[in-house]
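In UniProt numbering, the protein residues as written are 1 to 288.
We put the CB at the ideal spot given by N, CA and C, even for glycine.
A quick write-up on the structure given underneath.
As structure tokens, then:
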């Protein structure tokens, strides 16, 4: 798989994507069972331990944290929470993400705080990072998942928390993103009922008519667009002015599941709606 992936990147770079191999990270895992267990797959990667700004991919972490918090009775389930969780993942709604992060950490946005209050606020906002650290997974070492996602950008205490040079922005890797998503899809992280509920939220339709009715479907321009229409897809994309990412688990007809995570950075790659579908189309040929 490693030589195949390198060959693909060489080819895609020669097609008019200079410096592609410096500005892309990939983790690809294939499984030999229809219902695989965690860490049972075989895979490869490229720049897969390199930290990237994850954009909306971080919402996978916040969604999983929400279910973990619920299982531990740290937060109370409600229709409003379920609505926010659905909007955060299905529609990548940033307002819903803000609500979720406030609930998980006991913090709120607002004007700048004095030194002592800001210190306490920052400790609270690090609760998700503490949870990730407690997992002791090497794939997620040195991550930062503590910031909200924005339509325009942070203000007040949120801007202060970013740092003067945005040095405290969220940061994730493709290996870690694959590990996190695999823990959901293989029922490792959560009880089956909680897993099943969350997995449904990540489901994407490949139906062309449905996709035309939703221009922000998180399929077109991403990994799902390169798959056979009869495939089943669960995914979360990330897109902003600097990055185009996708985390996808799919099952093509008569094949076992595959998991792929692709992060790209740079203005030209952000505009490239053909690269990620081309990658998934080729990777799908490796499924067994």
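Item	Value
From residue 140 to residue 11, what distance separates their C-alpha atoms?	30 Å
Relative to the C-alpha of residue 64, which candidate in 269, 238, 197, 7 has its C-alpha closest?	197
Which class does residue 63 belong to by DSSP, given the choice of helix, strand or coil?	helix
Please report the straight-line C-alpha distance between residue 24 and residue 245, rounded to a whole angstrom.	9 Å
Using the three-state DSSP reduction, which class does residue 75 fall into: helix, strand or coil?	coil
On the DSSP bridge list, what partners appear for residue 121?	Answer by DSSP bridge pairing: none, since residue 121 is not bridged.
Return the bridge partner residues of residue 172 from the DSSP annotation.	52
Buried or exposed: where does residue 54 fall if 16 or more other Cβ atoms within 10 Å of its Cβ makes it buried?	buried
So residue 169 packs on residue 113, CB below 8 Å; how close in whole Å?	Contact doesn't hold; Cβ gap of about 20 Å is too wide.
Quick check: the region 30-41 against the region 65-84, are at least 3 beta-carbon pairs closer than 8 Å?	no
How about residue 259 and residue 194: do their beta carbons lie closer than 8 Å?	no
Taking Cβ positions, are residue 281 and residue 226 nearer each other than 8 Å?	yes
Can you tell me which of the three DSSP states residue 155 falls into?	coil
Do residue 128 and residue 104 have their C-beta atoms closer together than 8 Å?	yes
Which of the three DSSP states, helix, strand or coil, is assigned to residue 162?	helix
Are the beta-carbon atoms of residue 240 and residue 51 separated by less than 8 Å?	no
Put residue 281 into one of helix, strand or coil per three-state DSSP.	helix
Helix or strand or just coil, what does DSSP make of residue 82?	helix
Keeping to the same chain, check which residues put their C-beta closer than 7 Å to that of residue 107; ignore five residues upstream and five downstream.	121, 124, 125
Looking at the unbroken beta strand (DSSP E) that takes in residue 25, where does it start and where does it end?	24-30
Residue 285 to residue 109, Cα distance in whole Å?	46 Å
For residue 84, count neighbouring C-beta atoms within 10 Å of its own C-beta (all shown protein chains included) and say buried if the count is 16 or more, exposed if not.	buried
Can you name the start and end residues of the alpha helix (DSSP H) that residue 200 belongs to?	192-202
Could you give the first and the last residue of the continuous beta strand (DSSP E) run that contains residue 251?	243-251
Output the distance between the C-alpha atoms of residue 15 and residue 9, rounded to the nearest integer angstrom.	10 Å
Are there 16 or more other CB atoms within 10 angstroms of the CB of residue 96, so buried, or fewer, so exposed?	buried
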